[in-house]
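Below is one structure, written out as structure tokens; comments come after it.
Residue numbers (this note's numbering), protein chains in the order written: chain A, 35 to 310; chain B, 96 to 387; chain C, 6 to 339.
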């Protein structure tokens, strides 16, 4: 039983927690605010918080100048494509490991996990070379494949832990109720597995969207996603804080929103089911 | 009921994932191993077609004896260790804070988690320019406000800056996992300790912390794996200058910037061995969890 | 119709034989209870009948048909699981209708049967809720509803009441007994609780380590348990067992007397001892008597008004016709 908490204590908790929360969130908030300033206001001394002339100018400048839409589209294709492809390959694998386990299932799962721990830099040149040979360098399909492969272990693991949670008795109940294999999969298993599959997809979209080793090293002008687009701001020219902020806001906004939906799954996915 | 039929079907269903990952692991790994024993400088005319000279363990010794090796190991350890200390300590405190009753808990939680969803290049550049810029950054304004001379963050305090940026990104991860672990603590255990006369600090030390030990271990192991290979944060801020050249970054420079593939590959093998040492511990924990 | 016959059925998991060759007949309309301590194989036996496990050897007949190789879906049996195994993503209505949908009944008939089952089980108000919104007892009813709508040849219950609290358990026990009275369908019920077995069963099957120790009506088992195990398992509080000299005078290796078959008195009786703990239930009082020289503790039942206290020395008289005699192998001596 939770005990009654005095409202005084609750107030103190609230004040401290909100203070800390806003402090941690501040860099994001500041980026969003700066994106609505003019370049001159962005470097004003003292800094301007809320009282400035709000403008959308930076957003239009960023979009026109750097072909933002193509980078965005690349991000969507690469993150979405690798996630979908990975899920299609992982669902049957996780399915069979969860429902028809054999003595080697555990070893296979752990081995898959171990491939995730291979440091990317250790295989950078071979991949680079293979990409040149196969004509995949700076192509979206190349990155879809690589990101699919690096996230496949996580997808399999997440799905496996979700499928594992479907109690065997329910499947047996369906069998007793006269369901054949097809009915069992269609009416009982799939509806129960869909939430898990959805969370898996969500988390992997986030991971793929933010991946910044292979996307930086294997792309140039053609297939670069938003990570590469933002990196191009690392060599500044003139006043650019507001434009950097606008570009950053656009790059992180979609994933911030997706991320808020996936908080719970985040823990499970990133700890390979070791913490739920 | 697993019949012979369903077993072979299961094998078929697993095959694509297994084959793909097997290829993904073996092919590049074999190539890296192969290159690490060769002299391979593509810019000086070495090519696979022309045949590469076998140099034995030369690359391995040269990588270790080069003047940048030990500094890079040191930089790696300081960054990984620093970030781990900051995120675990603050993560435990934040998790306990977020577990307290308050108004707007859900919103605070979202605020705290948000940095994790920011792509590494964005957080690197935002911190570098809008906070750490010695003229226009917020820190410079803050320093001036208190009458101090602004710092050249990324050159004068480069390691601290990198640790700050990376910790900011990983703090949400540690907090979220530790919070999940705290919430799984049976409140009756704490009440029992209270009845047994344990003051708050003792309850933290004897009940909460031991309960969190497994989660903390997992946080440390997983973060170590990811932190050993941080790249983008350094790429967009210092580009490896001012003592922030980690092992990962050093290998990247050897391979792609100076195109000394043999030397870089030897470095890559070291990195793989290092990561695997950490990985073995992590896999033990995860593997145990599988049996439960 | 639901006559179920098991012939020389065995089950092994790997090298471990959990059910040695076993023969059993459950008559049509009978309420049979499999009872035994945990790990005795009772649930495995039920799952063999359900078809959820394959028999290693032997034959299972349902209504005279060999059903050994028939998949569970086609055996015409319904099962209520310990965890209820409700489909979490379906409403109560859909849960109950699921077997009918699988049997491809038309919608009107499905609705009619679901409504009827819901009325019987007091679920009418909950038909549109999800299982997650129901209490334990209501979930149990939904599981039963799902079993009855398809009018099966027999019902199988796998410890269905073990997740309910004590008060609900008594209520549901009565409801299931009433259901059996009304439907007259064969029911096989697995439990580790001998009270459930005694109160509900037409026929009790006592199992230990996969072996049938005894089959019979509750009273048969109570009156003439075939061995020490059954004698000790059936009845509450447990039968008192006495070995040694006292047993010898009855020509047995051990004798057993139930607490309710021992009379107590302040001064008269062949046995005597010192009262330890006494449990007052109102209608009855149980005395745990020590220092009898017969066994460590002898439990006796007395009228609720009998007022011995801790430390009193009392005398006891076993009812002569209720002394159970067992030989050195633990088997009953007729």
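Beta carbons: idealized from backbone N, C-alpha and C, even for Gly.
query: Rounded to a whole number of angstroms, what is the C-alpha to C-alpha distance between residue 14 of chain A and residue 196 of chain B?
result: In this structure chain A extends from 35 to 310, so residue 14 of chain A is not present and cannot be described.
message: Can you tell me whether residue 338 of chain C is buried or exposed? The criterion is at least 16 other CB atoms within 10 Å of its CB, across all chains shown.
response: The residue you call residue 338 of chain C lines up with position 333 of the third chain. Burial state of residue 338 of chain C is exposed, judged by a 10 Å Cβ sphere holding fewer than 16 other Cβ atoms.
Neighbouring residues, chain A, relative to residue 317 of chain B (Cβ below 7 Å): Here the question's residue 317 of chain B lines up with position 222 in the second chain. Result: 304, 305.
query: In the DSSP assignment, what are the bridge partners of residue 37 of chain C?
result: Indexing the third chain from 1 puts residue 37 of chain C at position 32. Bridge partners of residue 37 of chain C: C/193, C/208.
query: Since residue 312 of chain B and residue 380 of chain B are thought to touch, with beta carbons under 8 Å apart, how far apart are those beta carbons, to the nearest angstrom?
result: Stepping through the second chain from its first residue, residue 312 of chain B is reached at position 217. Stepping through the second chain from its first residue, residue 380 of chain B is reached at position 285. Indeed they touch by this definition, with Cβ atoms about 6 Å apart.
field: Proximal residues, the stretch 64 to 89 of chain C versus chain A, C-beta separation under 8 Å
entry: From the stretch 64 to 89 of chain C, only 76, 77, 78, 79, 82, 83, 84, 86, 87, 88 have a Cβ closer than 8 Å to chain A.
- request: Taking only the alpha-carbon atoms, compute the straight-line gap between residue 36 of chain A and residue 139 of chain C and give it to the nearest angstrom.
  value: Numbered from 1 along the first chain, position 2 holds the residue referred to as residue 36 of chain A. Numbered from 1 along the third chain, position 134 holds the residue referred to as residue 139 of chain C. Note that residue 36 of chain A scores 49 on pLDDT, short of 50, meaning its location in the model is unreliable; the coordinates nonetheless yield the value given after this. The straight-line gap separating the alpha-carbon atoms of residue 36 of chain A and residue 139 of chain C is approximately 23 Å.
query: Using a Cβ-Cβ distance under 9 Å, would residue 35 of chain A count as near chain C?
result: Translated into the one-based positions of the first chain, residue 35 of chain A becomes position 1. Residue placement at residue 35 of chain A is flagged as unreliable, the pLDDT there being 40, under the threshold of 50; a coordinate-derived value is accordingly withheld.
DSSP state of residue 126 of chain C mapped onto helix, strand, coil: What you label residue 126 of chain C is simply residue 121 of the third chain in a count that begins at 1. Shown here, residue 126 of chain C sits in coil according to DSSP, grouped into three states, outside any helix or strand.
task: State the Cα-Cα distance for the pair residue 203 of chain B and residue 193 of chain B, rounded to the nearest angstrom.
output: By 1-based counting over the second chain, the position of residue 203 of chain B is 108. By 1-based counting over the second chain, the position of residue 193 of chain B is 98. A straight line joining the alpha-carbon of residue 203 of chain B with that of residue 193 of chain B spans about 8 Å.
- prompt: How would you label residue 265 of chain B, buried or exposed, when you count the other beta carbons within 10 angstroms and need 16 or more for buried?
  reply: In the second chain, the residue the question calls residue 265 of chain B occupies position 170. Taking every protein chain shown into account, the CB of residue 265 of chain B has 16 or more other CB atoms within 10 angstroms, so this residue is buried.
- prompt: Could you check where the alpha helix (DSSP H) with residue 247 of chain B kicks off and where it finishes?
  reply: For the purposes of this step, residue 247 of chain B is identified with residue 152 of the second chain, where counting begins at 1. Premise fails: residue 247 of chain B is in no alpha helix (DSSP H) and is neither H nor E.
query: When DSSP labels each residue in this structure, what does residue 337 of chain C get in the three-state scheme?
result: As a first step, residue 337 of chain C must be located in the third chain, where it is residue number 332. In the structure shown, residue 337 of chain C sits in a strand (DSSP, three-state: E or B).
Selection from B/316, B/375, B/223 that minimises the alpha carbon distance to residue 267 of chain A: Counted from its first residue, the first chain places residue 267 of chain A at position 233. Taking each of B/316, B/375, B/223 in turn and checking the Cα distance to residue 267 of chain A, the smallest one comes out for B/223.
- prompt: Does any CB atom of chain A fall closer than 9 Å to the CB of residue 111 of chain B?
  reply: Numbered from its first residue, the second chain carries residue 111 of chain B at position 16. Taking Cβ atoms only, chain A reaches closer than 9 Å to residue 111 of chain B, which makes this a yes.
- prompt: Among all the DSSP beta bridges, which residues are the ones paired with residue 261 of chain C?
  reply: By one-based count along the third chain, residue 261 of chain C stands at place 256. For residue 261 of chain C, which the question treats as bridged, DSSP gives the partners C/246, C/329.
- request: Would you identify the three-state DSSP class for residue 325 of chain B, choosing helix, strand or coil?
  value: Mapped onto the second chain, residue 325 of chain B falls at position 230. Residue state, collapsed to three classes: coil.
task: Within the same chain, show all residues whose beta-carbon is closer than 6 Å to that of residue 299 of chain A, passing over the 5 residues directly before and after it, in chain order.
output: Position 265 of the first chain, counting from 1, holds the residue named residue 299 of chain A. For residue 299 of chain A, same chain residues with a beta-carbon under 6 Å away, outside a window of 5 residues either side, are 233, 237 in chain order.
- prompt: Since residue 50 of chain B is in the beta strand (DSSP E), which residue starts that stretch and which ends it?
  reply: Outside the displayed range of chain B (96 to 387) lies residue 50 of chain B, so it cannot be described from this structure.
- request: Step through the CB atoms of chain A and report whether any lies within less than 9 Å of the CB of residue 97 of chain B.
  value: By one-based count along the second chain, residue 97 of chain B stands at place 2. Because the pLDDT at residue 97 of chain B is just 45, under 50, the model does not fix this residue reliably, and the value given afterwards should be weighed accordingly. Yes, its Cβ sits closer than 9 Å to a Cβ of chain A.
task: Let me know the secondary structure DSSP gives residue 236 of chain B once reduced to three states.
output: The count along the second chain starts at 1 and reaches residue 236 of chain B at position 141. Here residue 236 of chain B sits in helix by DSSP.
field: Beta-carbon gap between residue 273 of chain B and residue 207 of chain B smaller than 9 Å
entry: As a first step, residue 273 of chain B is located in the second chain; it is residue number 178 there, counting from the start. As a first step, residue 207 of chain B is located in the second chain; it is residue number 112 there, counting from the start. Against a cut-off of 9 Å, the Cβ pair of residue 207 of chain B and residue 273 of chain B comes out as no contact.
- prompt: Along chain A, which residues have their Cβ under 7 Å away from the Cβ of residue 123 of chain B?
  reply: What you label residue 123 of chain B is simply residue 28 of the second chain in a count that begins at 1. Listed along the chain, the chain A residues whose CB falls inside 7 Å of the CB of residue 123 of chain B are 157, 160, 161.
message: Count Cβ pairs between the stretch 215 to 223 of chain A and the stretch 110 to 129 of chain C that sit closer than 8 Å; are there 3 or more?
response: With the cut-off at 8 Å, the stretch 215 to 223 of chain A and the stretch 110 to 129 of chain C do not touch.
- request: Indicate whether residue 133 of chain B and residue 124 of chain B have their beta-carbon atoms separated by less than 9 Å.
  value: Mapped onto the second chain, residue 133 of chain B falls at position 38. Mapped onto the second chain, residue 124 of chain B falls at position 29. For residue 133 of chain B and residue 124 of chain B, no; Cβs fall outside 9 Å.
message: I want to verify the contact list: residues of chain C whose CB lies under 9 Å from the CB of residue 199 of chain A, in sequence order.
response: Residue numbering aside, residue 199 of chain A sits at position 165 when the first chain is read from its first letter. What residue 199 of chain A touches in chain C: nothing, since even the nearest Cβ is about 11 Å away.
DSSP three-state assignment for residue 88 of chain A, whether helix, strand or coil: Locating residue 88 of chain A in the first chain gives position 54, counting from the first residue. Coil at residue 88 of chain A, not helix or strand.
task: Could you list the residues in the stretch 210 to 224 of chain B with a C-beta less than 9 Å from some C-beta on chain A, going in chain order?
output: Interface annotation for the stretch 210 to 224 of chain B against chain A: 210, 211, 212, 213, 214, 215, 216, 217, 218, 219, 220, 221, 222, 223, 224, criterion Cβ-Cβ distance under 9 Å.
Host alpha helix (DSSP H) of residue 219 of chain C (start-end): Along the third chain, one-based indexing puts residue 219 of chain C at 214. Here residue 219 of chain C belongs to no alpha helix (DSSP H); instead the beta strand (DSSP E) covers 216 to 221.
DSSP beta-bridge partners of residue 68 of chain A: As a first step, residue 68 of chain A must be located in the first chain, where it is residue number 34. According to DSSP, which records beta bridges pairwise, residue 68 of chain A is partnered with nothing at all.
message: Quick check: the stretch 188 to 207 of chain C against the stretch 155 to 163 of chain C, are at least 3 beta-carbon pairs closer than 8 Å?
response: Touching, yes, given that three or more Cβ pairs across the two stretches are closer than 8 Å.
- prompt: Just curious, the beta strand (DSSP E) that residue 306 of chain C is in, first and last residue?
  reply: For the purposes of this step, residue 306 of chain C is taken as residue 301 along the third chain, with counting starting at 1. Counting along the chain, the unbroken beta strand (DSSP E) around residue 306 of chain C starts and ends at 303 to 308.
field: Three-state secondary structure assigned by DSSP to residue 34 of chain A
entry: No statement about residue 34 of chain A is possible, as the shown extent of chain A runs from 35 to 310 and does not include it.
message: Between residue 364 of chain B and chain A, is the shortest Cβ-Cβ distance under 9 Å, so that the two count as touching?
response: Position 269 of the second chain, counted from the first residue, corresponds to residue 364 of chain B. Chain A contact via Cβ: present.
task: Mind the definition here: the stretch 349 to 364 of chain B touches the stretch 246 to 253 of chain B only if three or more C-beta pairs lie below 8 Å; say whether that holds.
output: As far as the Cβ criterion goes, the stretch 349 to 364 of chain B does not touch the stretch 246 to 253 of chain B, which means the pair count is below three.
7 Å Cβ cut-off: residues of chain B touching residue 79 of chain A: Here residue 79 of chain A is taken as the residue at index 45 of the first chain, counted from 1. In chain order: 236.
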